[in-house]
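S.K.: Once you've had a glance at the structure underneath, I'll fire off some questions.
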Amino acid sequence: MTSITSHYLRNIAFGLATLALAATQMGCMQSSRASASDLQIKNNQDVSENTLAMVNRSFKKDFIMGEWRYRGAQAVNGGINAYFQVPSKLDMSQEYQENYLRQAICPSAQEKLLWQEMQGLSLSVHIYTFNKRFSVHAECPNPLLS
């Protein structure tokens, strides 16, 4: 066997070994993702469609006019995230933004039916400009649990 053929065969063997290793790692990553998504589905089963609808109605009525747009609620990790798209970032520190969200956006104690429907589930409000992944959020304290 010539050295060129030997070199060629080693490169093929190395390439095949690399592909096999990558396929094994990919399989492990996919199985762990499936486990995480299964867990999220199980946690989200605690949130009923009625609860999501009540949260949506509560926020939609308050955000009909203006530049802030309510973009809906989602069940996430056994709680509810409500999303608002804003035209630009707020010019204040993250701590002040979180306090502002709790005071200005979180449902008041007077919305007893909503808080009763929540039955101890967490409610977080999120504001973002372009992408939900980069939101600022605050958890709304349930006044019935205080």
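In terms of numbering that gives the first Met the number 0, the sequence shown has 54 at position 55, counting the first letter as 1, and numbering is strictly consecutive.
Beta carbons are placed, not taken as given, at the ideal position from N, Cα and C, and that holds for glycine.
Taking all protein chains shown into account, decide if Ile63 is buried (16 or more other Cβ within 10 angstroms of its Cβ) or exposed.
M.R.: That one is exposed.
S.K.: Can you grab the Cα-Cα spacing for the pair Thr128 / Val85, in whole Å?
M.R.: 5 Å
S.K.: From the DSSP secondary-structure annotation, give me the bridge partner or partners of Tyr95.
M.R.: None; Tyr95 has no bridge partner.
S.K.: Grouping DSSP H, G and I as helix and E and B as strand, with all else coil, what is Ala72?
M.R.: Note: Ala72 maps to strand in three-state DSSP.
S.K.: In terms of residue numbering, what span does the alpha helix (DSSP H) encompassing Phe58 cover?
M.R.: 48 to 61
S.K.: Would you identify the three-state DSSP class for Gly26, choosing helix, strand or coil?
M.R.: With a pLDDT of 43 at Gly26, under the threshold of 50, the modelled position of this residue cannot be trusted, and the question is left open.
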